[in-house]
DNA sequence: GAATCGTGGGC
DNA sequence: TGCCCAAGATT
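Right, here's the structure in full:
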């Protein structure tokens with residue numbers, strides 16, 4: 001048994017993983033499966049790039065539900081580049097991390113304008129594009145262009161941390177894990193290998209209760225040999241999230257329209273539409289009335305709690321009906337409250353006002 | 001290296 | 001319910 005372990009090489013590990021992938025690859029709409037790939041089929045680099053950006057910190061199940069809309073609406077990078085930013089942001093609403101949508105648009109424009117619509121095929125050039133970091137550049141290079149890049153996402157980190165029982169907690173442990181990834185990345189089928197690692201992490205080597213019984217690498221996995229693969233990857237403990245408070249204002253016109261405003265182009269929810277709000281602070285609820293978008297008979301419609309990545313938000317929702325559609329400020333507009341494309345926290349706040357009886361013409 | 005930046009689902 | 005987590009990038 002131990003003699004077998006000693007004989008394992010990066011090459012044999014890659015070969016075993018690829019054999020597993022041939023039999024168990026996930027069927028994903030942006031993917032060319034292993035069989036078609038062996039016949040010479042290659043994915044559209046635009047589709048690979050779009051899916052990879054959507055997948056950043058986002059589950060495949062969520063991307064499945066939203067990817068088709070983007071591809072149908074903007075089938076090529078030129079089409080996406082020609083779209084107004086506000087439309088792209090609207091299509092992205094609810095997906096979170098809205099800098100991704102801003103960068104997506106900027107990247108499409110750069111590729112269309114500077115490169116005639118052709119994505120670069122090297123990690124270095126890909127890395128220079130907006131919203132394309134180390135992981136995404138490697139993923140596109142490997143999956144779209146079969147470059148032997150070390151593709152290291154959260155799945156791969158978990159698989160390799162277990163396979164080699166990496167004791168250094170993340171994020172410091174990323175260096176050692178990356179070294180393992182670079183040693184493993186094969187020159188044969190690098191794109192399939194990258195996707196195989198991620199599929200293994202998503203389906204077998206899961207964060208909790210990994211299915212070691214069906215893992216093609218279980219007999220060489222040091223974490224499993226040591227008895228507790230769930231311990232890996234080790235992580236530094238994280239601190240508590242602060243709570244911020246604020247107020248949101250839903251002003252309705254007699255015809256049911258609601259006043260929305262476009263948020264500043266950078267920062268939290270940057271560039272997205274939302275209800276006017278007071279500043280969000282950690283030190284109690286400052287007088288919200290000063291932040292209201294108009295003088296009106298404001299009624300407290302309820303509260304919304306929302307968990308962001310690094311803080312919690314308690315939002316008091318106020319609603320009122322104005323006598324008419326007042327002239328919106330430069331960053332404001334009147335919209336249909338039912339169909340407006342909003343970030344989830346803003347959708348929750350607006351729906352709270354509607355649930356209190358506002359906004360029905 | 002540490003902060004910032006969303007959201008939905010699972011347990 | 002609260003916490004963890006997911007195909008990370010940017011500053």
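Numbering (full-length UniProt numbering), first residue to last: 1 to 361. Where a beta carbon is used, it is the ideal one built from N, C-alpha and C, also for glycine.
query	result
Which complete alpha helix (DSSP H) runs does the region 98-157 hold, if anything under 4 residues is left out?	99-115, 123-127, 134-145
Any chance the region 202-216 sits against the region 306-321, with 3 or more Cβ pairs inside 8 Å?	no
So what does DSSP say about residue 277, is it helix, strand or coil?	strand
From which residue to which residue does the beta strand (DSSP E) around residue 261 run?	258-262
How long is the line joining the alpha carbons of residue 277 and residue 124, rounded to whole angstroms?	42 Å
With DSSP collapsed to three states, give me the class of residue 1.	Its pLDDT being 42, under 50, residue 1 is placed unreliably in this model, and the value from its coordinates should be taken loosely. Three-state result, residue 1: coil.
Compare the beta carbon distance of residue 273 and residue 260 with 7 Å and say whether it is the shorter of the two.	yes
Give a yes or no on whether the C-beta atoms belonging to residue 77 and residue 47 are separated by under 7 Å.	no
What residue does the beta strand (DSSP E) around residue 70 start on, and which one ends it?	It is not in any beta strand (DSSP E) - residue 70 instead sits in the alpha helix (DSSP H) that spans 60-73.
Quick check: the Cα distance between residue 68 and residue 74, rounded to an integer number of angstroms?	10 Å
Examine the Cβ distances between the region 99-114 and the region 155-165 and report whether three or more of them are shorter than 8 Å.	no
For residue 240, count neighbouring Cβ atoms within 10 angstroms of its own Cβ and tell me buried if that reaches 16, exposed if not.	exposed
Which stretch, first to last residue, makes up the alpha helix (DSSP H) that contains residue 85?	85-92
Taking just the CA atoms, how far does residue 139 sit from residue 147?	9 Å
I need the boundaries of the alpha helix (DSSP H) containing residue 250, first residue and last residue.	Looking at the DSSP string, residue 250 is not in any alpha helix (DSSP H); the run it does join, the beta strand (DSSP E), is 243-252.
If you draw a straight line from the C-alpha of residue 360 to the C-alpha of residue 346, how long is it?	18 Å
Kindly indicate which residue of 194, 142, 115 has the alpha-carbon position closest to the one of residue 154.	194
Closest by CA to residue 234, which one among 176, 196, 330?	176
Using a threshold of 7 Å, state whether the C-beta atoms of residue 21 and residue 29 are closer than that.	no
Taking the straight line between their C-alpha atoms, what separation do you get for residue 55 and residue 63?	6 Å
Mind checking residue 384: buried by the 16 CB within 10 Å criterion, or exposed?	In the structure as shown, the chain starts at 1 and stops at 361, and residue 384 therefore has no counterpart that could be examined.
What number of angstroms, rounded off, separates the C-alpha of residue 306 from the C-alpha of residue 348?	9 Å
How about residue 149 and residue 18: are their beta carbons less than 7 Å apart?	no
Excluding the five sequence neighbours on either side, which residues of its own chain have a C-beta within less than 6 Å of the C-beta of residue 170, listed in chain order?	233, 235
Does the Cβ of residue 234 lie closer than 6 Å to at least one heavy atom of the ligand SAH?	Inclusion of the ligand SAH in the displayed structure is not the case, the ligand content being empty and no account of it being possible.
Per the DSSP calculation, residue 303 is bridged to which residue(s)?	316
Can you tell me which residues form a DSSP beta bridge with residue 170?	235
Going by DSSP, name the residue or residues bridged to residue 321.	252
Taking residue 294 as the reference, give the member of 115, 332, 90 with the closest Cα.	332
Among the candidates 190, 327, 279, 222, whose CA atom is the shortest distance from the CA of residue 253?	327
Using 10 angstroms around the beta-carbon of residue 245, count the other beta-carbons present and answer buried if the total reaches 16, otherwise exposed.	buried
Can you list, in chain order, the residues of its chain whose CB lies under 7 Å from that of residue 275, leaving out five sequence neighbours each side?	248, 249, 250, 260, 346, 349, 350
Applying the criterion that 16 or more other CB atoms from any shown protein chain within 10 Å of the CB defines a buried residue, is residue 229 buried or exposed?	buried
Going by alpha carbons, who is nearest to residue 266 out of 178, 97, 44, 79?	97
Please list, in chain order, all residues of the same chain as residue 100 whose beta carbon is under 8 Å from its beta carbon, the five residues on each side excluded.	53, 54, 56, 92, 131
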